[in-house]
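Below is one structure, written out as structure tokens, with a few remarks after it.
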Amino acid sequence: MSIRTGTPGGRYEITDGVWVLCRSGRTATDQAELQRDDLAQAEGLPSWRAEEFLAGRATLRRLIREVRPDLADTAVRPDAQGRPCLVGHPDVGVSISHDGGLSAAAVAPGRRVGVDVQLPPDEPSEGMLRRCLQGHAAQLEKLPAPERARELAWVWTVQESCVKAAGTGLAGRPWTIAVTPGHRHGRWGRYRWASLRDSSPIPLSCAFTPREDPDARGRSNTLPADLEC
């Protein structure tokens, strides 16, 4: 699987028709690209959550404008479980993630898609390592703490992007998904995943269905609100 960088600003084409954009912060241009409906959905949220929400939406808007300009003004509304969807275009998969001032978005016409970005934790606990890395935990426990935390973040981005693509969220028990530390791509059931280890300085991964997957189109995914993007 070859990951191609589309722009210096952090846009990546994971495979044919699967795009990811990761950015930090929000600009005046982003504010102008946000739709009135985006702003209305942020009303009433705590200020920190509203900023996080709008940064994620702005990143998604920017990516849609770059790769599917015909859908740039399409409303983005959450489904019953909080997963963002393009109104009237259920065949176009979208996903958003945010962490520590970073936001990432994915757009994948004709596919299910999930994206996740994570800043490494200050000091991952032994329990976290064993829960997420299973048989590989002992290997990582030998690494210096910063390297251990970074590797855990890379693995978690894969696990979380997979359950987001599947629409199961935490109910899908992402920590049970087997991911070999250091790997750049792999499979989980019907889903393929890719970690942008050679392209992104921040742990960032994306999961998606193959284009030929008959169930990848026209089905609404569900995702708990705490993983909404």
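Residue numbers (this note's numbering): 27 to 255.
By construction, the Cβ of each residue, glycine as well, lies at the ideal position given by its N, Cα and C atoms.
Note that the structure is a prediction, hence the values are computed from the model and not measured.
Endpoints, beta strand (DSSP E) assigned at S73: Premise fails: S73 lies in the alpha helix (DSSP H), 73-93, not in any beta strand (DSSP E).
Start and end residues, beta strand (DSSP E) containing T41: First-last of the beta strand (DSSP E) with T41: 37-41.
The region 172-187 / the region 214-228 touching (three or more Cβ pairs under 8 Å): Counting Cβ pairs under 8 Å, three or more are found: they touch.
Residue range of the unbroken beta strand (DSSP E) whose run includes G119: DSSP places G119 in the uninterrupted beta strand (DSSP E) bounded by 118-125.
N- and C-terminal bounds of the alpha helix (DSSP H) containing P172: Taken as a continuous stretch (DSSP letters only), the alpha helix (DSSP H) holding P172 covers 171-192.
Separation of L60 from D224, as counted between CA atoms: The C-alpha of L60 is placed about 31 Å away from the C-alpha of D224.
Distance, T194 Cα to W180 Cα: Those two C-alpha atoms are separated by around 20 Å.
Beta-carbon gap between G23 and R138 smaller than 8 Å: Here the chain comprises residues numbered 27 to 255, so residue 23 is not present and cannot be evaluated.
Cβ contact check for the region 162-170 and the region 206-214: 3 or more pairs under 8 Å: The region 162-170 is in contact with the region 206-214.
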